[in-house]
Structures are given as C-alpha cells and as structure tokens.
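Contents: one structure, followed by commentary.
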Amino acid sequence: MKILHLIKSIVAGLTISIVAQLSFAADIPYLLTAASKGDVATVKAILDGGANVNTKDENDITALMYAARKDNADVVKVLLEKGATIDAKDKGGWTALMFATKKNNVDTVKVLLEKGADPKIRDESGWSAFGMAATSGHAETVNLMIQHGVDANAKADDGKTALMYAAKSGDVPTISALMTKGAKANTGDRLGVSPLMYAAREGHVDAITFMIDQGANTDLQDLSRWTALTWAIKKSHADAAKVLINKGANVNHEDSEGTPLLQLAVDNGSAEIVRLLLANKANIKARDKYGLTAYVYALKKGDAEIIQLIKDAGGKY
Numbered sequence: 313m314k315i316l317h318l319i320k321s322i323v324a325g326l327t328i329s330i331v332a333q334l335s336f337a338a339d340i341p342y343l344l345t346a347a348s349k350g351d352v353a354t355v356k357a358i359l360d361g362g363a364n365v366n367t368k369d370e371n372d373i374t375a376l377m378y379a380a381r382k383d384n385a386d387v388v389k390v391l392l393e394k395g396a397t398i399d400a401k402d403k404g405g406w407t408a409l410m411f412a413t414k415k416n417n418v419d420t421v422k423v424l425l426e427k428g429a430d431p432k433i434r435d436e437s438g439w440s441a442f443g444m445a446a447t448s449g450h451a452e453t454v455n456l457m458i459q460h461g462v463d464a465n466a467k468a469d470d471g472k473t474a475l476m477y478a479a480k481s482g483d484v485p486t487i488s489a490l491m492t493k494g495a496k497a498n499t500g501d502r503l504g505v506s507p508l509m510y511a512a513r514e515g516h517v518d519a520i521t522f523m524i525d526q527g528a529n530t531d532l533q534d535l536s537r538w539t540a541l542t543w544a545i546k547k548s549h550a551d552a553a554k555v556l557i558n559k560g561a562n563v564n565h566e567d568s569e570g571t572p573l574l575q576l577a578v579d580n581g582s583a584e585i586v587r588l589l590l591a592n593k594a595n596i597k598a599r600d601k602y603g604l605t606a607y608v609y610a611l612k613k614g615d616a617e618i619i620q621l622i623k624d625a626g627g628k629y
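No gaps in the numbering here: position 312 of the sequence shown is 624 in my numbering, and each next residue is one more.
Written as structure tokens, this is what we have:
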C-alpha cells in the first residue's frame, strides 16, 4: 500500500509539473487558453503548479479577462481566489469587468461586482463599464452596477450621462432602469443636449414616449436653443416629431438664430413634417430674423409639394 501511495504521489506531482511547464510553453500561456475555454480543473492544476495567476498575453490581457470575456464565471471565481488582480488593465485600459459587460455576461458581471470590481474605472477612450452597459442596452447589468454604488447621474469624460447614452441607443428597459434609480432626464451635456434630445435625434419613438411620460421636458433647450422637436425636424424623423407634438412640444419655437420650426422643416425638404406642423397650428406668418416667411423658404427650396402646402395654408411673402 505504501508503494502504491508513493507512485500516486509521484504521478500527481509530475502531472502538475507538466501542466505548469505547458503554461509557459506557447506564445500564449496555456493558463489563458484554459481560462478562455472554461476548463476549471486545468486552471487549478496550472496554478497549483506555480504559474503566475496574473500572467498576461502581449496585449496585457490576463486570464481573468479571458474568462470574463467568455462568461466563465466559475473560472473567474477560481482566479480571484488564487489572487488575480481584479481591476488589472490591458493595453487599452480595459478591465475584466469591461470585457464581461461588453458581452453582457451577467453571471460574470455579478461575480466581479460582488468581489469588488470597480465599474467606474475608465479605459484609454474615457469609457467605463457602466457607460458600456448603458450604451449597449444591458439593463440588468446597469441595475447591478447601480446596486453596487454607481451614481446613476455620473458623467463620462465627454460630459454625457449613462441616460444620454441609453437614450441615444433607444433601449427603453435600460432607460427605465436608470430613471427608476434616479437618473435625471432634464439635464444636458456640455452642449446642453438632454437625453430626450438624443432620443429625438435618433428617432427613437418608444424612448421619447417613455421619457416624456416619466417627466422629461419637451421644450428644454440646448445651447443653440434647439429643443427635442428641433432635433427631430432637422433629422427628418417625422414619427418622432409627431410624438413630441402630441406630447405638447411647442411647434412655434425659434432657435438661437431666430428661425421658426416651420422654416426649418421647409428648408429640410420634409413635406410630411411641414404638413404635421401646419396641422398643429404652426404660425404660417412667422418670420425669421431676416424677415423671411415659410413661403419664401419654400420658393427658395423649390419643392413643388411643399410650396403648395404652404400656399394652401395661407403662406405669403
């Protein structure tokens, strides 16, 4: 029996030694490959054989990052138990949490957050895991991060909040998660552009409807005195414009240049939006700062349909 026990011990020792040597044999350490594959047993054997838990590839991507990217939560747990640096960064400034967040690997995100990963760390481009989650429409991950202490109104390096990014993507569940946790809808970025304006600019009707129903101000203005309706008109999003108008947006608003929305719609060549504005009592007699009416704009634009619409509504020079 003693001889058998001795043989087993020798074999076990050799196995660990061989695995440890394999971990350094290739250009990519085998620990990283095993972590990526989700091979818990091999990861444990390699680490028990003396491999560095924080070993990395040529881009400084660690085993923890490889595991996080593939949502191998069990491997992530093992690596952290063995001392992996949870907030280590690759050459682009990405952490394991960022890799997990970008792929919406919720199980791994949960493990990392519970173990203390920082969702506020920014990469070389100024992105945080929280910002990535909001932009990508990962509502559950957004919720998890807020539960772990992230400020719902925190701003990125460019002055935008997570709600602005979510509004830009149009993902209502993420917008809802943020607003439920206190994200402010009536605040602007460095140019004064609000979340509602971002949604209007992209034509996200459902997002626009939801935010207004939750208290977003339809007539908030950015630094150019553009409202959400201005953005919708400039981008020719007729459905978005219709929702905004139905929700009370001012159809006779003028921007910082003194240009009425009707003139903007005419100049933009959108007969549908011109018709919409006229149907909702846009002032046909309004003039811009140069004294030009919508009819003059229509004549300059040369669109026969729009000229007729303006003329039928009583438009004059």
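Cβ atoms here follow ideal geometry from the backbone N, Cα and C, with glycine treated the same way. Here the structure is a predicted model, which means the values were calculated and not measured.
- Residues of the same chain with a CB within less than 7 angstroms of the CB of Met476, apart from the 5 flanking positions on each side, are Asp501, Pro507, Tyr510 in chain order.
- Counting C-beta atoms within 10 angstroms of its own C-beta, Leu621 has 16 or more neighbours from the protein chains shown and is therefore classed as buried.
- Of all C-beta pairs linking the region 599-610 to the region 547-564, fewer than three are shorter than 8 angstroms, placing the two stretches out of contact.
- Looking at Asn595, Ala594, Asp579, the one whose alpha-carbon comes closest to that of Val608 is Asp579.
- The alpha carbon of Ala497 has as its nearest neighbour, out of Asp369, Ile458, Asp470, Ala540, the alpha carbon of Ala540.
- Taking 4 residues as the shortest admissible run, the region 540-586 contains the following complete alpha helix (DSSP H) segments, listed from N- to C-terminal end: 540-546, 550-558, 573-580.
- Ile358: member of the alpha helix (DSSP H) spanning 352-360, first to last residue.
- Thr397 and Val388 have their C-alpha atoms some 11 angstroms from each other.
- By the neighbour-count criterion, in which 16 or more other beta carbons inside 10 Å mark a residue as buried, Leu344 falls on the buried side.
- Taken atom to atom, the span from the alpha-carbon of Gly428 to that of Ser548 is near 46 angstroms.
- The alpha-carbon separation between Lys493 and Gln459 amounts to approximately 9 angstroms.
- Taken through DSSP and simplified to helix, strand or coil, Lys601 comes out as coil.
- Straight through space, the alpha carbons of Ile619 and Val505 are spaced by roughly 32 angstroms.
- Inclusion of Ala544 and Leu574 in the CB contact set at 8 angstroms is not warranted, their separation being larger than that value.
- In the displayed model, Thr367 falls within coil according to three-state DSSP, outside both helix and strand.
- Each residue's CA atom was taken as its position, placing Asp383 and Asp525 some 36 angstroms apart.
- The three-state reading of DSSP puts Arg434 in strand, counting E and B together.
- Rounded to whole angstroms, the Cβ separation of Val423 and Val390 is 11 angstroms, and the two are not in contact under 8 angstroms.
- Counting along the chain, the unbroken alpha helix (DSSP H) around Thr447 starts and ends at 441-448.
- Within 10 angstroms of the beta-carbon of Asp419 lie fewer than 16 other beta-carbons, which makes it exposed.
- Put simply, of Tyr629, Ile557, Ala451, Thr473 the residue whose alpha carbon is nearest the alpha carbon of Lys612 is Tyr629.
- The shortest CA-to-CA distance from Leu456 to any of Lys480, Thr486, Gly482 is the one to Thr486.
- Contact annotation: Asn417 and Ala380 have beta-carbon atoms nearer than 8 angstroms.
- In the DSSP secondary-structure assignment, Lys467 is bridged to Thr473.
- Ranking Gly395, Pro431, Asp531 by CA distance to the CA of Asp360 puts Gly395 first.
- By the C-beta density criterion, Lys432 is exposed, having fewer than 16 other C-beta atoms within 10 angstroms.
- In the DSSP assignment, the residues bridged to Thr374 are Lys368.
- In this structure, Gly614 is the residue among Gly614, Val365, Ala591 with its C-alpha nearest to the C-alpha of Gly581.
- The continuous stretches of alpha helix (DSSP H) do not include Val462, and DSSP gives it neither H nor E.
- In terms of Cβ geometry, Ala479 and Ala451 do not form a close pair [threshold 8 angstroms].
- Distances from the CA of Lys403 to each of Leu425, Ala468, Ser437, Glu393 were compared; the closest alpha carbon is that of Ser437.
- If you check the CB distance, Thr453 and Thr413 come in under 8 angstroms.
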